[in-house]
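Structure first, then comments.
Below, the structure is given as structure tokens:
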């Protein structure tokens, strides 16, 4: 009996959340279809954005992540927008031991992107932080640092794509 009551409460809560999201105007960012109000999704604008080359290996990784998110079907044939991005990685030692060595570090990755094309260029700035352990093995520490930076780059690619999609959506709403 107790299990049935619990399921009923969970089901009711799920239904209430679903209705709440529908009522607040929630719309998926990456839908390809027009909304009920006739607004187009920002997906078409994301697909029409050329992502320029980003310097060094970490920049190459970020560019590939952005391509996966913004141009999943390949680069645009006739791009309407260009995205120029700069990437800064800073590593700071956190866990300082008695012998002045560090046992833990933090990687902060900051990305500044300029979207140009229609209208005035727009600047987007995002950053992410990831921590990693410093081991006695130099190789292990290098691998841990690279892994921490790559995880931060994945977060940054998601955040940057969402910021640009929100910009496109707002621009379309102001047009119409």
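In this note's numbering, the protein residues as written are -4 to 171. Note that the Cβ used here is the ideal one computed from N, Cα and C, for glycine as well. Owing to the predicted nature of the structure, the values given are computational and were not obtained by experimental measurement.
query                                                                                              : result
Closest Cα partner of residue 39 within the set 160, 169 and 165                                   : 160
Assumed close pair residue 111, residue 76 - CB separation to whole angstroms, cut-off 8 angstroms : 7 angstroms
Straight-line gap, residue 72 to residue 156 (C-alpha atoms, nearest Å)                            : 20 angstroms
Beta-carbon proximity check, residue 106 vs residue 118, cutoff 8 angstroms                        : no
Residue 152 beta carbon less than 8 angstroms from that of residue 177                             : As displayed, the chain neither begins before -4 nor continues past 171, which places residue 177 out of reach and without an answer.
Environment of residue 52 [buried if 16+ CB atoms lie within 10 Å]                                 : exposed
Residue 102 - partner residues in DSSP beta bridges                                                : 86 and 125
With 16 other Cβ atoms within 10 Å as the buried cut-off, status of residue 163                    : buried
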